[in-house]
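With full-length UniProt numbering, letter number 256 in the sequence shown gets 256, and the count goes up by one each step, no holes.
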Amino acid sequence: MESLPWINHFKQTPSREWFETDAVLRVSLGNFLFFTILAILMVGVKTQKDPRDNMHHGGWMFKILCWCLLVIFMFFLPNEIVSFYESISKFGSGMFLLVQVVLLLDFVHGWNDKWVGFDEQFWYVALFVVSLVCYVGSFAFSGVLFHFFTPSGQDCGLNIFFITMTLILTFVFAIVALHPAVNGSILPASVISLYCTYLCYSALASEPRDYECNGLHKHSKAVSTGTLTLGLFTTVLSVVYSAVRAGSSAAVLSPPSSPRAGKPLLPLDVKEEEENEKAKPVTYSYAFFHLIFSLASMYSAMLLTGWSTSVGESGKLVDVGWPSVWVRIVTSWATALLYLWSLVAPIMFPEREF
1 MESLPWINHF KQTPSREWFE TDAVLRVSLG NFLFFTILAI LMVGVKTQKD
51 PRDNMHHGGW MFKILCWCLL VIFMFFLPNE IVSFYESISK FGSGMFLLVQ
101 VVLLLDFVHG WNDKWVGFDE QFWYVALFVV SLVCYVGSFA FSGVLFHFFT
151 PSGQDCGLNI FFITMTLILT FVFAIVALHP AVNGSILPAS VISLYCTYLC
201 YSALASEPRD YECNGLHKHS KAVSTGTLTL GLFTTVLSVV YSAVRAGSSA
251 AVLSPPSSPR AGKPLLPLDV KEEEENEKAK PVTYSYAFFH LIFSLASMYS
301 AMLLTGWSTS VGESGKLVDV GWPSVWVRIV TSWATALLYL WSLVAPIMFP
351 EREF
């Protein structure tokens, strides 16, 4: 990239880290455009008889070729376009995190409803045990955060505020969920509490390594290459899983051998044949599926570049810097607000269905 004049047109050649960050952003831009184009093409697909249904489930060689060409083309774009993409990626990443929060809330409520639906003592005991483990984990985790991120002799008011606010939210969740007027349950409250505590830890761990209140770094002076590699692998894995989970929204894609694409082996009567001729609706939104991958592409780029500040603040550390800290803290607060809203909304608007 250093030899490409439309990229390296500076009077003084930038550092190697700058070129690495630029390469990540350009590949991410190619991914973003690829999935955005697919999302636009899939808008309005309602039934499996739509020709675009086959495009969504097949044509893999053509898709791979288009993806490769898009990624290669990104390296011929001027730096101004990449810089603009970097700016909007911060907002797209926030949207992706918000989708993750909504999915988590849907998951914990579904989990609770399923176990309660069994209406047996064993499952009620299981609900209590899991809830207790989550709450114990949340409080123990908070104690660890106080130990590592509020070292004595340092003015760490911001870290204390983050941890204390997370503890307060944990108690608020339990009080509201167990209130007689609220149709809540202790299991979702405990799981959301543990998740918010994890987000708080993730935010504090993303603080710059030279920040005096980041005690975790003082117990580990250097971050090894192996640790970075493992962290990068788990980050990418979680992003891909979140995108797939969000896009399908609990719907399982039909395999090629499913009746969706097959023909009956035995002749059917006229009525059954007419019913089969009717178009079957798709099981999930194809456009939304690809849109989530577009947002995930932005989120991955921000993680890998430390929200485009890791070069200046922390060298090659992945996902480190104040923007990463605030994104995670705000996500934690958004999770709390959405969960509390899911509890009080049915009371405030009883005529509506939630």
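Cβ atoms here follow ideal geometry from the backbone N, Cα and C, with glycine treated the same way.
Only a predicted model underlies this, so the values are computations on that prediction, with no experimental measurement involved.
Buried versus exposed call for Q100 [16 or more other C-beta atoms within 10 Å across all chains shown]: buried
Separation of M42 from D53, as counted between CA atoms: 8 angstroms
Ordered list of alpha helix (DSSP H) runs contained in the region 101-180, each at least 4 residues: 121-149 and 157-177
T166, buried or exposed, once every other Cβ within 10 Å from all chains shown has been counted against 16: buried
Alpha-carbon to alpha-carbon, I88 and V102: 22 angstroms
Alpha-carbon to alpha-carbon, P51 and T21: 39 angstroms
Inter-residue spacing [alpha-carbon to alpha-carbon] between L97 and E212: 28 angstroms
C-beta atoms of S190 and Y135 nearer than 7 angstroms: yes
Spatial distance of F288 from E17 (CA atoms): 34 angstroms
Closest by C-alpha distance to T331, when choosing among A140, R26 and T197: T197
Contact under 7 angstroms by Cβ, L291 with A39: yes
T305, DSSP secondary structure in three states: coil
For F162 and S202, the rounded distance between their alpha carbons: 11 angstroms
Chain B within 7 angstroms of W67, Cβ atoms only: Included in the structure is just one protein chain, with no chain B present.
DSSP-derived helix/strand/coil call for S224: Summary for S224: the model assigns pLDDT 34, below 50, so the residue's position carries little reliability, and this model does not support an answer.
Inter-residue spacing [alpha-carbon to alpha-carbon] between I186 and W60: 45 angstroms
C-alpha distance - G44 paired with F32, whole-angstrom precision: 20 angstroms
Assigned exposure category for H147 - 16 Cβ within 10 Å defines buried: exposed
Backbone CA spacing between K221 and D210 [nearest angstrom]: Annotation note: pLDDT 43 at K221 (below 50); position unreliable, no value reported.
Cutoff 6 angstroms; reference T234; Cβ partners in own chain excluding five residues on either side: Any reading at T234 is ruled out, since the residue's pLDDT is 49, under 50, leaving its predicted position unreliable.
Opposing strand residues paired with P281 [DSSP bridges]: T47
Buried or exposed (CB count within 10 angstroms, at least 16 for buried), E120: exposed
Counted within 10 angstroms of its Cβ, other Cβ atoms place E207 as buried (16 or more) or exposed: buried
C66, enclosing alpha helix (DSSP H) - first and last residue: W60 to M74
Chain-order list of residues whose beta-carbon lies under 7 angstroms from that of K46 (same chain, five-residue window excluded): P281 and V282
Among S193, T150 and P78, nearest to V108 - alpha-carbon criterion: S193
Contact between the region 168-176 and the region 332-346 (3+ Cβ pairs under 8 angstroms): yes
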